[in-house]
Amino acid sequence: MLGSDRPSTRRGRRWRAATAIALAVGMTLPAAAQAETHPPGPPRNPAPEVVGVGVHELSTMLAERQTTSAALVEAYLRRIDAYEEAYDDQPGLHAVITVNPRATAQARRLDAERRSGRIRGPLHGIPIVIKDNHDTGDLPTSNGSLALRELRPPDDATQVRLLREAGAIILAKTNLHEFAMNITTVSSLGGQTRNPYDQQRHPGGSSGGTGAAVAAAFAPVGMGSDTCGSIRIPAAHNALVGLRPTLGLSSRAGVAPLSSTQDTVGPLGLSVRDVALVLDATAGHDPDDPVTEAAVGRVPDTYLSTLDDRALAGARIGLFTDYFGVTPEEQPTTDLVRAAARDMAARGAETVELGPQPEILAAAGAANVVRDEFERDLDAYLAAPGTRAPRSLARLEPPRNLVTLADIATSGLVTPSVLSTLRNWVDSPELPHPEYEERLRQREVLHARITALMTAHDLDVILYPTITAPATPVGTSQSYANCRLAAYSGLPALTVPAGLTADGLPVGVELLGRAFDEPTLLGIGHAYEQATRHRIPPASTPELTPA
Numbered sequence: 181m182l183g184s185d186r187p188s189t190r191r192g193r194r195w196r197a198a199t200a201i202a203l204a205v206g207m208t209l210p211a212a213a214q215a216e217t218h219p220p221g222p223p224r225n226p227a228p229e230v231v232g233v234g235v236h237e238l239s240t241m242l243a244e245r246q247t248t249s250a251a252l253v254e255a256y257l258r259r260i261d262a263y264e265e266a267y268d269d270q271p272g273l274h275a276v277i278t279v280n281p282r283a284t285a286q287a288r289r290l291d292a293e294r295r296s297g298r299i300r301g302p303l304h305g306i307p308i309v310i311k312d313n314h315d316t317g318d319l320p321t322s323n324g325s326l327a328l329r330e331l332r333p334p335d336d337a338t339q340v341r342l343l344r345e346a347g348a349i350i351l352a353k354t355n356l357h358e359f360a361m362n363i364t365t366v367s368s369l370g371g372q373t374r375n376p377y378d379q380q381r382h383p384g385g386s387s388g389g390t391g392a393a394v395a396a397a398f399a400p401v402g403m404g405s406d407t408c409g410s411i412r413i414p415a416a417h418n419a420l421v422g423l424r425p426t427l428g429l430s431s432r433a434g435v436a437p438l439s440s441t442q443d444t445v446g447p448l449g450l451s452v453r454d455v456a457l458v459l460d461a462t463a464g465h466d467p468d469d470p471v472t473e474a475a476v477g478r479v480p481d482t483y484l485s486t487l488d489d490r491a492l493a494g495a496r497i498g499l500f501t502d503y504f505g506v507t508p509e510e511q512p513t514t515d516l517v518r519a520a521a522r523d524m525a526a527r528g529a530e531t532v533e534l535g536p537q538p539e540i541l542a543a544a545g546a547a548n549v550v551r552d553e554f555e556r557d558l559d560a561y562l563a564a565p566g567t568r569a570p571r572s573l574a575r576l577e578p579p580r581n582l583v584t585l586a587d588i589a590t591s592g593l594v595t596p597s598v599l600s601t602l603r604n605w606v607d608s609p610e611l612p613h614p615e616y617e618e619r620l621r622q623r624e625v626l627h628a629r630i631t632a633l634m635t636a637h638d639l640d641v642i643l644y645p646t647i648t649a650p651a652t653p654v655g656t657s658q659s660y661a662n663c664r665l666a667a668y669s670g671l672p673a674l675t676v677p678a679g680l681t682a683d684g685l686p687v688g689v690e691l692l693g694r695a696f697d698e699p700t701l702l703g704i705g706h707a708y709e710q711a712t713r714h715r716i717p718p719a720s721t722p723e724l725t726p727a
C-alpha cells in the first residue's frame with residue numbers, strides 16, 4: 181500500500197551495487213557507507229507529521245516542546261526508508277547518497293542543549309540535507325561519482341560549518357547530476373533521482389537530490405549549488421523556493437567546483453521564510469573565499485525583516501519576454517508565469533513588458549566559462565591539504581600522488597554521459613587565453629546591460645520562467661537557457677512556485693534582482709507566495725502512519 185510503514189533495507193541495495201563495482205576495481209567503500217544508517221529503537225516522542233511542515237513551523241514546535249529533534253530525525257529517516265528505493269508501483273526517489281549515522285546522536289545532544297536553556301537560533305535541532313558536493317569532515321564527499329566515493333575532506337565546507345554552528349543537523353547528503361554537469365540528476369553513485377510529483381520524470385538539477393528530498397519531506401530544507409540553474413531548476417520542478425545568491429554574498433569554500441567564476445551555494449526550502457532563515461545563518465565574508473569580500477557591509481542583521489505581505493504594493497516588475505516559451509510544450513509554463521505576473525499586479529505591483537533584448541541575449545550567450553575553468557578548479561579542490569583520496573585512483577595518471585580530472589576520466593567510474601565530457605575536458609588550455617578573457621568580459625557586459633535595463637525602467641525585479649517547460653521524462657533532455665541571466669552576470673535570483681500544470685507538474689517563476697538586493701527579492705517573493713500559496717505536497721510520498 182502506498183505510504184505504508186514497514187521495515188526497509190532497500191537503501192542497502194545501492195551500496196551493495198557500489199560495493200560490487202568497488203571490489204571489481206580493487207577498492208573499498210568508506211566506513212560511513214558500510215555503517216548502520218541510524219540507531220535502532222523508537223523515538224523519544226511520537227513521530228510528528230512532517231509533510232509540508234517547514235523550518236519556521238518546526239522551530240516553533242521545538243520551542244513549545246511539542247516534539248524533539250530526535251523525534252524529527254526519526255520521522256525523516258522513516259520517510260527515507262519508505263520512499264527512497266522502489267515501493268509499491270513507484271521506482272523510488274533515489275535522492276540520497278549517504279545518511280548520516282550520527283544524526284540521531286547529534287539530535288539528542290541538541291535536545292539536551294535546549295533543555296538546559298541554550299538555544300542557538302531558529303535552526304537549532306532542525307534536520308537538513310546537503311548536496312554531496314559540499315565537504316563534510318565526518319562523511320565522504322563524492323560529487324555523485326563512484327570514482328570519488330572514498331574522498332574524505334579534512335573538514336566541513338564553510339556553509340556546512342555555519343549551519344552546524346547554528347544548530348542544524350546534517351541528516352543526509354543528496355544525489356546530484358555527477359560533477360554538477362547537467363540538470364537531470366543522474367550519477368554513477370546515486371543513480372537516477374526521480375521527481376516526487378511524477379516519478380517517471382527527472383527532478384531538475386544539478387541539485388536534484390536536494391530538491392526531491394525536500395519536496396518529499398526527507399527534510400524541511402536543503403543546500404544546493406548553482407552554476408547555471410542548479411538550485412533554481414530543481415526548485416521549479418519540485419514546487420520549492422530556491423535562491424541563487426549574489427556572487428560573493430556567501431562562501432563557496434569547501435564545495436567541489438564546476439567554475440569558480442560562476443559557482444554559488446544556496447538553500448532550497450518550502451517557503452521564502454525558510455530560505456531567509458538559512459541565509460541569515462550562512463551569508464557573509466569568509467576569508468577562505470576571497471570573492472566574499474564584496475559582502476562586507478552588504479548583509480542585513482536579518483533577511484526576515486523584509487518579509488512583508490504588502491511588499492508587492494508599488495513594486496515595479498519587468499517581464500523578460502525573451503524567456504517566455506511559445507511551443508506547445510512550453511505554453512503551460514508561460515501561462516502560469518503570466519498568471520503570476522497578473523497576481524502580482526492585482527496586489528499593487530506595476531508590471532512592464534520589456535520587449536526583445538537582443539544585446540542582453542547576445543552577452544548571455546557568450547559568457548559561459550565552465551569549459552575553461554573546470555579542470556583547473558577541480559584539480560585545485562582535490563589537491564587541498566588534508567584531502568584523502570584512494571591512492572589507486574591517484575596512480576592512474578601523473579602526477580601519481582594526487583587525484584586529478586585525468587585520473588577520474590581514466591578510471592571510467594563515472595556515468596557515461598558525464599564521462600565523455602570529462603574525457604574531452606582533460607588537458608584544457610592553460611588560463612588565461614584570449615577567448616577566455618573575452619568570455620569574462622562578456623560577463624561584465626551582461627551585468628552592466630541588465631543593470632542599465634533595470635535603471636531605465638525603474639525596476640525592482642525582472643520576472644521570467646525559471647525554465648521554459650515542466651520536468652521532462654527520465655532519459656530525455658531539457659533546454660535550460662533561462663538560467664543564464666543570473667549565472668553569467670553574478671546577480672541574485674529567486675524561484676518561487678507558480679502553480680501546477682493540468683498534469684500536476686510544478687512550475688516556477690523566477691525573480692532577478694540587483695547585486696546584493698536579496699531583501700527585495702525575498703520581500704516580493706514572500707508577498708506573492710503568501711497571496712497565492714501554490715505549493716501542494718506531492719501525492720507519491722504521503723504522510724506515513726504513526727510508528
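Going by my numbering, the first residue of the sequence shown is number 181, and it counts up by one from there. For every residue, glycine included, the Cβ atom is placed at its ideal position computed from N, Cα and C. Everything numeric in this text was worked out from a predicted model, so none of it was measured.
With a cut-off of 8 Å on Cβ pairs, the region 333-343 is in contact with the region 308-321, counting three or more such pairs. Residue 478 has no beta-bridge partner at all, per DSSP.
Residue 367 has 371 as its beta-bridge partners, per DSSP. In the three-state DSSP reduction, residue 703 falls in the helix class (H, G or I).
Taking the CA atoms as reference points, residue 695 sits about 17 Å from residue 482. Note that the region 630-641 does not touch the region 363-381; fewer than 3 beta-carbon pairs, one per stretch, sit closer than 8 Å.
The Cβ neighbour count for residue 598, taken over all protein chains shown within 10 Å, is at least 16; the residue is labelled buried. Between residue 615 and residue 621, the alpha-carbon positions lie close to 10 Å from each other. Only residues of its own chain outside the window of five on either side were considered, and among them 375, 651, 652, 653 and 654 have a CB closer than 7 Å to the CB of residue 381, listed in chain order. In the structure shown, residue 660 adopts coil according to DSSP, grouped into three states. In the assembly as shown, residue 255 is a buried residue. Its beta-carbon has 16 or more other beta-carbons within 10 Å.
Out of 593, 594 and 571, the CA that lies nearest to the CA of residue 583 is found in 571.
Considering only 262, 557, 412 and 712, the residue with the shortest C-alpha distance to residue 526 is 712.
In this structure, the alpha-carbon of residue 518 lies about 29 Å from that of residue 231. Residue burial annotation: residue 617 is exposed, with fewer than 16 other C-beta atoms found within 10 angstroms of its C-beta. When C-beta atoms of the region 669-676 are compared with those of the region 698-710, three or more pairs fall below 8 Å, so the two segments count as touching. Taking C-beta atoms as the reference points, residue 452 and residue 497 fail to come closer than 8 Å. Residues of the same chain with a CB within less than 8 Å of the CB of residue 565, apart from the 5 flanking positions on each side, are 334 in chain order. Residue range 550-562 is occupied by the alpha helix (DSSP H) that includes residue 562, with no beta strand (DSSP E) assigned at that position.
Taking residue 248 as reference, the option from 464, 275, 306 and 272 with the minimal CA-CA separation is 306. Beta-bridge partners of residue 267 (DSSP): 270.
Distances from the alpha-carbon of residue 240 to those of 454, 432 and 378 put 454 closest. Under the Cβ criterion (8 Å, minimum of three pairs), the region 384-396 counts as touching the region 405-417. In this structure, the straight-line span from the alpha carbon of residue 588 to that of residue 602 is close to 8 Å. Straight-line spacing of the CA atoms in residue 475 and residue 467 works out to 11 Å.
The alpha carbon of residue 393 has as its nearest neighbour, out of 344, 494, 465 and 278, the alpha carbon of 278. Using a Cβ distance threshold of 8 Å, residue 647 and residue 419 do not count as a contacting pair. When DSSP states are grouped into helix, strand and coil, residue 631 belongs to the helix group. Collapsing the DSSP output to three states places residue 606 in coil. If you draw a 10 Å sphere on the C-beta of residue 698, you find 16 or more other C-beta atoms in it, and that means buried. In the structure shown, residue 377 adopts coil according to DSSP, grouped into three states. Residue nearest to residue 629 within the set 665, 429, 298 and 436 is 665 (criterion: CA-CA distance). Between residue 520 and residue 678 the beta-carbon gap is near 4 Å, inside 8 Å, which marks them as a contact.
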